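Below is one structure, written out as structure tokens; the observations come after it.
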Amino acid sequence: MASANPIQVQKYLSGIDYPASKDDIVATAEQEGADGAVLEALKNIPDGEYDAPTAVSSAVADAS
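Read in order, the letters of the sequence shown correspond to residues 19 to 82 in my numbering.
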């Protein structure tokens, strides 16, 4: 499966309030209709609080 790019990831997180937990991030992406690659990428990031979109993007890149 193709990996998600940061632009795709952020498209599905546009309405989230930071800081946000991994669970909140995954749930928001699911509610926004994220595709399988994006959901898989977000499920693979480390547990914890993310304080900004750039932190999520960095975690996705590091986890891939």
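The C-beta atom is built at its ideal place from N, Cα and C for all residues, glycine as well.
Quantities reported herein were computed from a predicted structural model and do not represent experimental measurements.
- One thing to note: VAL78 has its Cβ within 9 Å of the Cβ of LEU60.
- Distances from the CA of ASP41 to each of GLN28, TYR30 and ASP65 were compared; the closest alpha carbon is that of ASP65.
- By the C-beta density criterion, ILE25 is exposed, having fewer than 16 other C-beta atoms within 10 angstroms.
- DSSP, reduced to helix, strand and coil, places ALA38 within a strand of the structure shown.
- Bounds of any alpha helix (DSSP H) do not take in ASP69, whose DSSP letter is neither H nor E.
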